[in-house]
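Residue numbers (our numbering): 19 to 79.
First up is the structure itself, then whatever we jot down about it.
In structure tokens, the structure reads:
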């Protein structure tokens with residue numbers, strides 16, 4: 019897990035407390051971050067991985 023992954027997961031963990039506008043901006047930023055990592059897989063797979071990791075971390079807390 020690199021710094022981009024950690025930052026994306028951190029953003030997703032804060033998502034339940036965001037307004038609709040903040041959420042739209044966050045999704046846009048996450049897609050841009052996923053494009054930066056695209057050489058390792060598809061954007062959808064990267065976003066799914068981040069969402070899954072954020073879910074796992076939220077359940078552990």
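Quick reminder that beta carbons are idealized off the backbone N, C-alpha and C, glycines included.
First and last residue of the uninterrupted alpha helix (DSSP H) at residue i
i, result
"residue 60", "First-last for residue 60: undefined, no H or E at that position."
Helix, strand or coil at residue i according to DSSP, with G and I counted as helix
i, result
"residue 32", "coil"
"residue 66", "helix"
"residue 23", "helix"
"residue 79", "coil"
"residue 44", "helix"
Pick from the options that is closest to residue i, judged by C-alpha positions
i, options, result
"residue 68", "43, 36, 40, 48", "48"
"residue 26", "63, 60, 52, 56", "52"
"residue 20", "77, 71, 79", "71"
"residue 22", "54, 42, 39, 74", "54"
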